[in-house]
Structures are given as structure tokens and as C-alpha cells.
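Engineer: Right, I'll just put the structure down here and ask away after.
Number of protein chains: 4
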Amino acid sequence: MANERKEQLKNQGRLLIRCEDQPGIVSAVSTFLHKNNANIIESNQYSSDPENGTFFLRIEFHLDDLNNKRQELEKQFSEIATTYSMDYRFTYGAERKKAAIFVSQEPHALVELLWEWQNGDLPMDIEVVISNHEIAREMVEALGIPYHYIPANKDIRKEVEAEQVRLMEQYDIDILILARYMQILTPEFVERFENRIINIHHSFLPAFIGARPYERAFHRGVKLIGATSHYVTNDLDEGPIIEQDIERVDHRNSIAELKKIGQQIERRVLARAVKWHLEDRVIVEGNKTIVFQ
Amino acid sequence: MANERKEQLKNQGRLLIRCEDQPGIVSAVSTFLHKNNANIIESNQYSSDPENGTFFLRIEFHLDDLNNKRQELEKQFSEIATTYSMDYRFTYGAERKKAAIFVSQEPHALVELLWEWQNGDLPMDIEVVISNHEIAREMVEALGIPYHYIPANKDIRKEVEAEQVRLMEQYDIDILILARYMQILTPEFVERFENRIINIHHSFLPAFIGARPYERAFHRGVKLIGATSHYVTNDLDEGPIIEQDIERVDHRNSIAELKKIGQQIERRVLARAVKWHLEDRVIVEGNKTIVFQ
Amino acid sequence: MANERKEQLKNQGRLLIRCEDQPGIVSAVSTFLHKNNANIIESNQYSSDPENGTFFLRIEFHLDDLNNKRQELEKQFSEIATTYSMDYRFTYGAERKKAAIFVSQEPHALVELLWEWQNGDLPMDIEVVISNHEIAREMVEALGIPYHYIPANKDIRKEVEAEQVRLMEQYDIDILILARYMQILTPEFVERFENRIINIHHSFLPAFIGARPYERAFHRGVKLIGATSHYVTNDLDEGPIIEQDIERVDHRNSIAELKKIGQQIERRVLARAVKWHLEDRVIVEGNKTIVFQ
Amino acid sequence: MANERKEQLKNQGRLLIRCEDQPGIVSAVSTFLHKNNANIIESNQYSSDPENGTFFLRIEFHLDDLNNKRQELEKQFSEIATTYSMDYRFTYGAERKKAAIFVSQEPHALVELLWEWQNGDLPMDIEVVISNHEIAREMVEALGIPYHYIPANKDIRKEVEAEQVRLMEQYDIDILILARYMQILTPEFVERFENRIINIHHSFLPAFIGARPYERAFHRGVKLIGATSHYVTNDLDEGPIIEQDIERVDHRNSIAELKKIGQQIERRVLARAVKWHLEDRVIVEGNKTIVFQ
Numbered sequence: 001m002a003n004e005r006k007e008q009l010k011n012q013g014r015l016l017i018r019c020e021d022q023p024g025i026v027s028a029v030s031t032f033l034h035k036n037n038a039n040i041i042e043s044n045q046y047s048s049d050p051e052n053g054t055f056f057l058r059i060e061f062h063l064d065d066l067n068n069k070r071q072e073l074e075k076q077f078s079e080i081a082t083t084y085s086m087d088y089r090f091t092y093g094a095e096r097k098k099a100a101i102f103v104s105q106e107p108h109a110l111v112e113l114l115w116e117w118q119n120g121d122l123p124m125d126i127e128v129v130i131s132n133h134e135i136a137r138e139m140v141e142a143l144g145i146p147y148h149y150i151p152a153n154k155d156i157r158k159e160v161e162a163e164q165v166r167l168m169e170q171y172d173i174d175i176l177i178l179a180r181y182m183q184i185l186t187p188e189f190v191e192r193f194e195n196r197i198i199n200i201h202h203s204f205l206p207a208f209i210g211a212r213p214y215e216r217a218f219h220r221g222v223k224l225i226g227a228t229s230h231y232v233t234n235d236l237d238e239g240p241i242i243e244q245d246i247e248r249v250d251h252r253n254s255i256a257e258l259k260k261i262g263q264q265i266e267r268r269v270l271a272r273a274v275k276w277h278l279e280d281r282v283i284v285e286g287n288k289t290i291v292f293q
Numbered sequence: 001m002a003n004e005r006k007e008q009l010k011n012q013g014r015l016l017i018r019c020e021d022q023p024g025i026v027s028a029v030s031t032f033l034h035k036n037n038a039n040i041i042e043s044n045q046y047s048s049d050p051e052n053g054t055f056f057l058r059i060e061f062h063l064d065d066l067n068n069k070r071q072e073l074e075k076q077f078s079e080i081a082t083t084y085s086m087d088y089r090f091t092y093g094a095e096r097k098k099a100a101i102f103v104s105q106e107p108h109a110l111v112e113l114l115w116e117w118q119n120g121d122l123p124m125d126i127e128v129v130i131s132n133h134e135i136a137r138e139m140v141e142a143l144g145i146p147y148h149y150i151p152a153n154k155d156i157r158k159e160v161e162a163e164q165v166r167l168m169e170q171y172d173i174d175i176l177i178l179a180r181y182m183q184i185l186t187p188e189f190v191e192r193f194e195n196r197i198i199n200i201h202h203s204f205l206p207a208f209i210g211a212r213p214y215e216r217a218f219h220r221g222v223k224l225i226g227a228t229s230h231y232v233t234n235d236l237d238e239g240p241i242i243e244q245d246i247e248r249v250d251h252r253n254s255i256a257e258l259k260k261i262g263q264q265i266e267r268r269v270l271a272r273a274v275k276w277h278l279e280d281r282v283i284v285e286g287n288k289t290i291v292f293q
Numbered sequence: 001m002a003n004e005r006k007e008q009l010k011n012q013g014r015l016l017i018r019c020e021d022q023p024g025i026v027s028a029v030s031t032f033l034h035k036n037n038a039n040i041i042e043s044n045q046y047s048s049d050p051e052n053g054t055f056f057l058r059i060e061f062h063l064d065d066l067n068n069k070r071q072e073l074e075k076q077f078s079e080i081a082t083t084y085s086m087d088y089r090f091t092y093g094a095e096r097k098k099a100a101i102f103v104s105q106e107p108h109a110l111v112e113l114l115w116e117w118q119n120g121d122l123p124m125d126i127e128v129v130i131s132n133h134e135i136a137r138e139m140v141e142a143l144g145i146p147y148h149y150i151p152a153n154k155d156i157r158k159e160v161e162a163e164q165v166r167l168m169e170q171y172d173i174d175i176l177i178l179a180r181y182m183q184i185l186t187p188e189f190v191e192r193f194e195n196r197i198i199n200i201h202h203s204f205l206p207a208f209i210g211a212r213p214y215e216r217a218f219h220r221g222v223k224l225i226g227a228t229s230h231y232v233t234n235d236l237d238e239g240p241i242i243e244q245d246i247e248r249v250d251h252r253n254s255i256a257e258l259k260k261i262g263q264q265i266e267r268r269v270l271a272r273a274v275k276w277h278l279e280d281r282v283i284v285e286g287n288k289t290i291v292f293q
Numbered sequence: 001m002a003n004e005r006k007e008q009l010k011n012q013g014r015l016l017i018r019c020e021d022q023p024g025i026v027s028a029v030s031t032f033l034h035k036n037n038a039n040i041i042e043s044n045q046y047s048s049d050p051e052n053g054t055f056f057l058r059i060e061f062h063l064d065d066l067n068n069k070r071q072e073l074e075k076q077f078s079e080i081a082t083t084y085s086m087d088y089r090f091t092y093g094a095e096r097k098k099a100a101i102f103v104s105q106e107p108h109a110l111v112e113l114l115w116e117w118q119n120g121d122l123p124m125d126i127e128v129v130i131s132n133h134e135i136a137r138e139m140v141e142a143l144g145i146p147y148h149y150i151p152a153n154k155d156i157r158k159e160v161e162a163e164q165v166r167l168m169e170q171y172d173i174d175i176l177i178l179a180r181y182m183q184i185l186t187p188e189f190v191e192r193f194e195n196r197i198i199n200i201h202h203s204f205l206p207a208f209i210g211a212r213p214y215e216r217a218f219h220r221g222v223k224l225i226g227a228t229s230h231y232v233t234n235d236l237d238e239g240p241i242i243e244q245d246i247e248r249v250d251h252r253n254s255i256a257e258l259k260k261i262g263q264q265i266e267r268r269v270l271a272r273a274v275k276w277h278l279e280d281r282v283i284v285e286g287n288k289t290i291v292f293q
């Protein structure tokens, strides 16, 4: 299964564009791809405003022998990009993103990611798992993934992050997934990996920002609880939201039961957000995301 | 349909009990009902804590010729109530609650209530509709319901509420439904009708407390929007939640579209909350509700 | 509100294309629109198969003074259409579709359509309501819509349909909405309005095809009930599905309650399906639909 | 976590009753429990019909030193049971049900069960996993659970089932969970374990009974897909439904994607159904279930 998908992805490219909305963009881009014999598999566009808005385009294309044609393709496109003042990026199915997963004491979100990844449903290489606990070592190492135990608390935050940054560099990490990692990150760390750190928050944001959301949901008496996956910024739990989901609860549910139900939501919400990120479907615009599903 | 339901409700009673959790309550109550030839139709119970908690019981029962037996039944029960220090209440299907609906400029929630009420699905008598706009007069009067236009703004709040209280008394109102009534109520007004004012808030509380929730949801970039029906207290949008629901949205939805989608949620959430209140299924405990569905 | 939307739609056109998937289509179409100064507002595409599939494209565009440029635009496009052997169609926001609504004894779906239409959310002209009952006459005529009572049963089907066809012609009807119209239509009638008759079936198809789905759902003990909106074909309840939705139920729900819950689902499912049809978002392909949301 | 729950369950009993609906049952049962110093933790009741219906009661109670009082409790209750002609059963939290899981080539449902079980959320002892494939051996044996590979096909069904029955007896199995086990069972086998075999069917039953439901859902063009957990009877996919759930899909989803989405639904639906069964919340009545949540 996984091998089959890799084969499929080999000649698949994606072109992501952001520019001022103006006439002729789709025409120019699609004509460029056509002339280069690339076949459009999927195309999504969005304009933030019909007048004077920003235009976003994601095109997935197939091109035989893509690997040998990449350089020429990118070179040719740079002219169009200049004409329309585009902010753009090509990515290639053949190049899997390198991921680091951070986890603390609750392994449910990590377990889900590992499972989806084993199934071939998350096209990434998990290079390393980092934790301030030993709890998940066995299951991670059983899959041949290095596990780094880095004890952490707020007094040694700098040293901890220095070690983490070193590992991110060593493994050349593209995406950091916080799968219920319960430590605050410093602004320096967050800026270094802007729009590349995905967190799962255990509430339906912006409700219950901060600590102990299930306790607070219980005491507020909400009838639905949720989870939110978002990019990490320096405003706690205020980063751009990628995905959210909820489940129904009622007065009978204890805090422990809310947590249990919530873990199920967290698992699927984080897995979806990571998948969309890996497929370059998520574009951050200001403090919001465009998700081209 | 409606007549058929009225007939069904004629010999139907409900007994609502709150007391300290202690052994023997269910035994005492069910034995009492059995001795009085009342047949239990539905029974729901909840204890806030297995140890030293508060116990809640709602029993719906059928008793032939109930109307003539009510006094005797209540008299007999008062002894059990004393024994267990119960806070309790009998209500009768034959006695429909008298409702006042308050509305401002957006009639969608009112329309839904009127429609469900015409279908016989909301067992109440709508005695009066009060609005600070004239927009809904025609549809309300067409159904034979008095419509009172009371212009309102914060400078004349006292006079407005004096008139509203007068109408509540005139019509002997049991339940006030704020079907998108966009005026703040004074603490005096709220206290007068404690746990009898049901509001529909146009967000998934506690997210987006206060004004313009759809605008704020848009700018926050949430992926789900919701609505919340709750009892009104003097903490704005902080009263006990009765019901909530959500719908999925995405980056393509404008504020206007969020409002439109939100109106659909508001309609059904308010209608459900009102129905459960009318059937005495909602018990307020502290700032939470127990909803015996 | 409604007037504002009409103004917005005045210079808005849609181009719907179906053809063999082949390189260059998007390039050709977008270049054509660009040269004609049309601005793409929304664009959706789908290919039934990456190899040898059928390609579908829906483009919504804005063009100043569209009404005066339509003829020229269509003329020019016909050349592209010939080159790529396209099956295509232009539609215009200024031209609202003319609708006939058919209803029998249960008016809930009709009520929802009328309400959404009054709000300006369903861009159609309701030319006529046809019913084999008198139940909805008052509410329909109150909105200035002609109401035709045509008693119907299987013995007089031909005469009934002859009268209905006459009305469809008289009012120049584009879309027939069966809002719980409980009569079988003949193959002749269905063929005459191919892919233009939208029905709401009161089950989650293909479960419970045919009569009395709520009764059968009750006896089967399903834990969710649903509704399905579909185009009518000559295979009963087998036409292309446009939209479906469900609600959770349990053992406590009587058949009457399932019907009641189901009506809520039917209302929103039909309203969505009609809206998407009116906006030319639904494309029938074989016995399936592509819905470009 | 798991140990804590076991401790909690030690003095917890459940009493399940089915009898003709008649006055005084709740009074008699609750008085009996009260006299025996048992504290009611949760109580659910249902009557199939207000008149001449069948009455169902599930009471969860706490009684100190329950293990030593069981015999006396059961003996005393037998008198009440005789008086009301009750069909009844006591179960005890201290006695975990013994489970066998059957699986074929797709391990996703098994993985979910193992995970929930490791978390302490499924109070059962998994005695054995049986499969006609070797695919899941490693993960099962890693948890210390015996794995029996029994190749199967329709020609050797009798021999296969003889071996399976032998294992069920050897391990004294209470519940058989078919976690995507793709072999038909004989009537003899099914009867032997009546209402004790739980299956997960990969469609929203009664839609797509039988083989290849995702393919058929794809070709029918449904807009939602689902999964159904039910007790196995000798009518294929017609047994009493315990739980169902759905997810939204659209025209873009391939059969492979429907399967993938469906697996997520299957995982959670089966886990819920098994949990409710283990907690004695599911009562089979005719071909339907009462689920006391």
C-alpha cells in the first residue's frame, strides 16, 4: 500500500501561489502547465475579496519524468511569477517531509499518528520522537524510530530547547507535531519554525484557552466538547486554526469521561491537520488558514 | 394532531425532586406512586456525586382522572418530602405553560417557534410577542397572537422593562423566550424571572461571548460555528447552558454566510431547549443544567 | 436583502462544461475569459478518472455589462467548445429559474422552501404550487403564489399529469420540486423533465426504498435516521442523489417521533439540494451527481 | 488507571430485568435494594408500550463487600422475580467478561480494540485472537495474547468452526468480536453463541447488505457512508443493531478513500458497541436493541 502510493507520488508536483488578485492568473498558470505537458490533477483557488483581494491557488499536477524536468519547470515559471508578483512554491510528491513528534504523558495522539503513518496515510518520514517522559519509548523504538528523552520544566527551558533545536537540525526536520506536548515553547523557538509547528489543543478554541480545558468545560456545563489543531504562534492557543471537531456530552459525563471522549476527538483532528499540512493543502493567511480539501 | 396530544397529556403528571443523595429515595417515591395507582411512564435520575451528592429525580406518570386526584396526591407526598428534606414540584400535562416571545429584527428563531407550535410540538400557549421592531407583527397577528411593539434602547431601559413586566403579569407568563431579542435586561428584570428566561446566543459559548459573534468567528478563522441556548442570568452569556449545536464552515464562508448558517443552528437549538423546558426536563443546578432527555 | 442579492447577480455568469479529459482545457477556457475581461469568481473542476476520464468544469465569473455582452461571449466560446468537443452551457445570474412546488398532505418541506425563498436565499421565482390537497392553500396564496388543487390517485394519473404538464408549460417551469408529493409520476412525465425534478425521500437511501420508511426504520431498529434529496428517474428512489443528512435516534423514539425528527432533516436536506441546483452546482453524471460546493 | 477502575468495579453489581409491564415493579426492586443496603448508582428503564408492553430495567448498584453478599442477594431476589414473572440476571463488576477477537486481513478494528483495552476502557479479558491470516500475529503476541491462525474457506467451514468452538470452550469465552472477520458463520455456530457475537459491518445498514459495500456506495453516489455494529444472526447483516455512525463524503472520493474513511467509522462504532455490551447496557428484544446509555 505505502509503496504503491510512493510510486503514484513520484511524478506528482504541487504549485502553490499567493498574489494580488488580478485578471489572467489562472490563464497564465494553466497555459504554462499545458505547454510543459503537465496534467492538472486537482486545482483549488480562493480570493480573499472579489475586489483588491489576495488570490491563492493550489494546483496538483502530473508530469512524466518529473524529477528530471523540475529545474527547467521552475526556471520557466519564475518569469510568470515575476510578471504577477507571485509568492509561490513548488513541492514534489517524491520528497516526503521530515517530521518530529513531541509528546508528554498522554500517548493517544502519538499512537494515532503512528498508526496512520504505518498504513501509508501520512506521507512523511518520522525522523524522531522527543518527549519529557519515557512512557512512549517502547512503542516508538519498536517501529525503528529514534526516541529522545529530554526532561523539561520551565526553569531549564532554554537548555531543553537548545537540545531540541540541535535535533531538529540533525534530522533536518520540516514539520514539528506537538501530539499533546505539555510544555510552553519560547518565542525564539516558535519563530524558528514559523507555520511548521502543529499543535492539538484539547478544547474547541477559542473556548477554554489555556490549561485544564476539560475541567473548565465540565464546570461551565457545555453540551459539546471539542479539539482544535492549529499552528503554534507566540499567543497561546491563538494560532491559525487548521481543523476542529466536537462530540456531544451531557450532565452525566464526569471530567474523566470528558477527557476520554476528548482524546478520541484529539486523535482524529490532529491526524487530519497533519495530513493536510503534508499534502500542502493548508495556507496560512494572517491568523487564519485556507484549507484546500 | 395537537388535540390528540392534549388528550394524551390530560392524565399525565410529572414529579421533580431534588434532595441530598441518601438510601431509599427511589423506593419511597416509586412505592408512593404505586400505592396511588399511578403508572410510571418515564423515570430519570442523576446524582451529582456517588458520595454526599445531590440527587435529582424526574418521573412522568399516568393516573386516571388525575385532575380530581391531584390535591390528595400532593398532600400525601408532602410527608415523604419532609422525611427526605426534598425540594420538589408536581406539574401537570393539562396545564400548558404560558409563554411570551421577545424578538428584535431577525425573525428566524420566532418563525421556527411559531411553526413548531402550530404543529403541536411545543406544548405552550403563546400569550404575547414583544418586539422593539414592527417586522414580525403581521405573521404573529395572523396566528391570533397579540403583538406588542415596545421601542427600546439603553436610555429608556427602565420604562421599557416596566411595560414588559406589566405585560408579563397581565398575561400571567411562565416562560420568556428571547428569540434573538437584542436588548440587555436589567438585573431586576432577570431576577424576577429566574430560570424562566431562555435565550439563544449566536455562538458556541463560551467562545465569542458578547456582541457580533459571527464577525469574530470569521476573523478567528474557526472551522465550526455554533449556537447556544441558555437561561439568562446577570452575567452576560454565562447562564446555565441548555443546548448547543454546530455546523462545519470553512475559509470560503463570508460573514454573511456564517450568519445564514448560524441562523439554521439557532432555530433548531432554541426550539429544542424550549421544548425540553416545557416538558420540565431541564433542571438548573448551580450554573449547569441537568437535561433529562 | 433579496434586492441586494439580485443586484450582485446581475453581472454574474456561469459556464458549465463536460468533455473528455484532455490537456489544455483549463488553459483555453481561462484564457478565453481573461481576453473577454471576465473575472473568475469561483472555479471548480473534477475529472472522473486521471486517465481517459470525463472532465467537468464550473466557472462563475463577473463581467461588467454582462447582459449586452452575452451573445458575443457565447458566439466566441462556441469555437473552443468545438475544438474540445465540449458539452457546455452558460447560465446567468440575472435569469432566475422558474419553479413549481408539488406538495401533498405534509407541508413542512414546503414551509421551509417558502421561508428560505422569502429570505432571498433561494434564487428562484416560485410560479406555482400544485397539490392534491387543500391544506397549504392559505399560506401559499398569502405570498401571492398561485395554488392549484389537482386531486390525484393512480386511476386518474394520466389526466392529472396532463393538467400538470399544461401548468408547467403555462408557467414556463424550469424546476419541479417535490416537497413531499406522495404520488408516483409516469415515465412520460419524468422524461419530459429529466434532471429537473428534485424529490425529498424520507430515508437515508438506499436504505428503505419505497413506502413508509420511518415505520420500517423503527422496526429495523436503526440508530440513525436520514433523508435524501435526489433527481427523480423512473426507478423509484434510485435517481442521482444530491444531498443526504441524518440524526441520531434510539430505542425510546416512537414511529411518530421518528417522523417528527425526520421532518427536520427533510426540511434542510431539500432546501440545500434546491439551492445548489439553482446555483448550477449540481451536475448529473450517469446515476451520480457532482456537487461543486 | 486500569487498576483503579478494577477497584471501583469490585463492589459494583448490575441487575437486568425483563418482564410484562405492570404496576409496582420499580417500587419492589428499589425497595429490595434499599433493604439490602445497596446504593443505586444508575437506573434506566424502558417500556415497549404504555399498555401491555414489556418492561426493561437496568440498575447499577454499589454494595460494600458485595462478593460475600452475592449469594444471599440473589436468593432473596428470586422471590420478587417469581412474583412478577421476571426474566432477570445479576452481573458483577468483579467478573470481567472473557473475549475472543476474530479478524481477517484488515487489522484496523482490532488495533482500536487493543488500544482501548490497554487504556482500561474496555473491561474485558482478551483471551485469544483468531484469524485466517497471519497479519496481526506480532502485535497481538506482543501484548501477551495467544494468536491462533486457522486458515478458512467455505469448503472447510465445518472443520474450521469445530476448531474455533474448541478454543471458545478452552478459553471459556463470553463474547466473540468479529473485528472485520470476513468468513460466513454457520447457523450452528451462530446459535451456540446467540446474542454474544458482535460484528462490525462496513455500511450504514440496511443499506448495502452483503459484500463490497464501499464499492456499491461509490457507484450509488451516496453523500454519507457509515458503519454498523450488530449482533450476528443467521440472516446476513440483519441482526439487532447496537450502534451506527456516518461521515460525509462527496463525488471526489475514490473507492479507496471511502474505505479509508469507513475504517475510521468502523473503529469507533465497534469499540462503542463492545463497551456497551461489556457494561451490560445492550438488551436484545426481538430484532432490535435497547441500549441503556
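Residue numbers (full-length UniProt numbering), protein chains in the order written: chain A, 1 to 293; chain B, 1 to 293; chain C, 1 to 293; chain D, 1 to 293.
All C-beta atoms in this analysis are idealised placements derived from N, C-alpha and C, irrespective of residue type, glycine included.
What you are looking at is a predicted structure, and each value in this text was computed from that prediction instead of being measured.
Do A/I177 and A/V284 have their beta-carbon atoms positioned less than 8 Å apart in this structure?
Structural biologist: The sequence position of residue 284 of chain A within the first sequence is 284, counting from 1. The sequence position of residue 177 of chain A within the first sequence is 177, counting from 1. No, Cβ-Cβ distance for A/V284 and A/I177 is not below 8 Å.
Engineer: State the Cα-Cα distance for the pair C/E161 and C/N234, rounded to the nearest angstrom.
Structural biologist: Translated into the one-based positions of the third sequence, residue 161 of chain C becomes position 161. Translated into the one-based positions of the third sequence, residue 234 of chain C becomes position 234. Rounded to whole angstroms, C/E161 to C/N234 spans 15 Å at the Cα level.
Engineer: Out of A/P187, A/D172, A/R216 and A/A207, which one is the CA nearest neighbour of A/S254?
Structural biologist: The count along the first sequence starts at 1 and reaches residue 254 of chain A at position 254. Ranking A/P187, A/D172, A/R216 and A/A207 by Cα distance to A/S254 puts A/R216 first.
Engineer: Could you list which residues in chain D have their beta carbon closer than 9 Å to that of C/A227, in chain order?
Structural biologist: To locate residue 227 of chain C, count along the third sequence from 1; it is residue 227. Here the premise fails: no neighbours, minimum Cβ distance about 11 Å.
Engineer: Just list the beta strand (DSSP E) runs in the segment 170-213 of chain C, keeping only unbroken ones of 3 residues or longer that don't cross its boundaries, in chain order.
Structural biologist: You should have 175-178 and 197-201.
Engineer: Tell me which residues share the same chain as D/F208 and place their Cβ nearer than 7 Å to its Cβ, disregarding the 5 neighbours each side in the sequence.
Structural biologist: In the fourth sequence, residue 208 of chain D corresponds to position 208, counting from 1. Answer for D/F208: R216 and A217, listed in chain order.
Engineer: Using a threshold of 8 Å, state whether the C-beta atoms of C/P213 and C/H202 are closer than that.
Structural biologist: Locating residue 213 of chain C in the third sequence gives position 213, counting from the first residue. Locating residue 202 of chain C in the third sequence gives position 202, counting from the first residue. Yes; because the gap between Cβ atoms is below 8 Å, this pair is in contact.
Engineer: Using a Cβ-Cβ cut-off of less than 8 Å, list which residues of the segment 195-213 of chain D approach chain C; keep chain order.
Structural biologist: From the segment 195-213 of chain D, only F204, L205, P206, A207 and F208 have a Cβ closer than 8 Å to chain C.
Engineer: Determine the direct distance from the alpha carbon of C/M139 to that of C/A28, and round the result to whole angstroms.
Structural biologist: Taking the first residue of the third sequence as 1, we reach residue 28 of chain C at position 28. Taking the first residue of the third sequence as 1, we reach residue 139 of chain C at position 139. So the two alpha carbons sit approximately 50 Å from each other.
Engineer: Quick one: using the 10 Å Cβ neighbour count with 16 as the cut-off for buried, is A/T31 buried or exposed?
Structural biologist: Position 31 of the first sequence, counted from the first residue, corresponds to residue 31 of chain A. So A/T31 counts as buried.
Engineer: Can a CB atom of chain A be found closer than 8 Å to the CB of C/N153?
Structural biologist: Here residue 153 of chain C corresponds to residue number 153 of the third sequence, with the count starting at 1. False, the Cβ-Cβ gap to chain A never drops below 8 Å.
Engineer: Could you tell me whether the Cβ of C/K288 comes closer than 8 Å to any Cβ of chain D?
Structural biologist: In the third sequence, residue 288 of chain C corresponds to position 288, counting from 1. Closer than 8 Å to some Cβ of chain D, the Cβ of C/K288 qualifies, so yes.
Engineer: For D/L16 versus D/R89, is the C-beta distance shorter than 8 Å?
Structural biologist: By one-based count along the fourth sequence, residue 16 of chain D stands at place 16. By one-based count along the fourth sequence, residue 89 of chain D stands at place 89. Yes, they are a contact pair.
Engineer: Please name the residues in the segment 259-282 of chain C whose beta-carbon is closer than 8 Å to at least one beta-carbon of chain B, in chain order.
Structural biologist: Under the 8 Å Cβ criterion, the segment 259-282 of chain C contributes K260, Q264 and R268.
Engineer: At least one CB of chain A closer than 8 Å to the CB of D/W117: is that the case?
Structural biologist: Residue numbering aside, residue 117 of chain D sits at position 117 when the fourth sequence is read from its first letter. So no, D/W117 is outside the interface.
Engineer: Determine, for C/M1, whether the minimum Cβ-Cβ distance to residues of chain D falls below 8 Å.
Structural biologist: Residue numbering aside, residue 1 of chain C sits at position 1 when the third sequence is read from its first letter. For C/M1, the predicted structure reports a pLDDT of 47, less than 50, and the residue's modelled location is therefore unreliable. The matter cannot be settled from this model.
Engineer: Mind checking which residues open and close the beta strand (DSSP E) that includes B/R89?
Structural biologist: Mapped onto the second sequence, residue 89 of chain B falls at position 89. Per DSSP, B/R89 belongs to the beta strand (DSSP E) from D87 to Y92.
Engineer: Any contact of the segment 149-167 of chain C with the segment 246-262 of chain C, i.e. 3+ C-beta pairs under 8 Å?
Structural biologist: Contact fails: fewer than three Cβ-Cβ distances are below 8 Å.
Engineer: Thinking A/R272 and A/A109 are a contact (beta carbons under 8 Å), I'd like their distance in whole angstroms, please.
Structural biologist: In the first sequence, counting from the first residue as 1, residue 272 of chain A sits at position 272. In the first sequence, counting from the first residue as 1, residue 109 of chain A sits at position 109. No, A/R272 and A/A109 are not in contact; Cβ-Cβ is about 12 Å, not under 8 Å.
Engineer: Hey, how far is the Cα of A/F61 from the Cα of A/E127?
Structural biologist: The residue labelled residue 61 of chain A in the question sits at position 61 within the first sequence. The residue labelled residue 127 of chain A in the question sits at position 127 within the first sequence. Their Cα atoms are separated by approximately 28 Å.
Engineer: According to DSSP, simplified to helix, strand and coil, what is C/V232?
Structural biologist: Along the third sequence, one-based indexing puts residue 232 of chain C at 232. In this structure, C/V232 counts as coil in the three-state DSSP scheme.
Engineer: Ignore the nearest five residues each way along the sequence and tell me which others in C/V269's own chain have a CB closer than 6 Å to its CB.
Structural biologist: Residue mapping note: residue 269 of chain C aligns to position 269 of the third sequence, counting from 1. For C/V269, where only same-chain residues beyond five positions count, the Cβ hits under 6 Å are A227, S229, E243 and D245.
Engineer: Please classify A/G93 as buried or exposed, where buried requires at least 16 neighbouring CB atoms within 10 angstroms.
Structural biologist: Mapped onto the first sequence, residue 93 of chain A falls at position 93. The residue in question, A/G93, is buried, as its Cβ has 16 or more Cβ neighbours within 10 Å.
Engineer: Taking only beta-carbon positions, decide if A/V140 is within less than 8 Å of chain D.
Structural biologist: Within the first sequence, residue 140 of chain A is the residue found at index 140, counting from 1. Taking Cβ atoms only, chain D never reaches closer than 8 Å to A/V140, which makes this a no.
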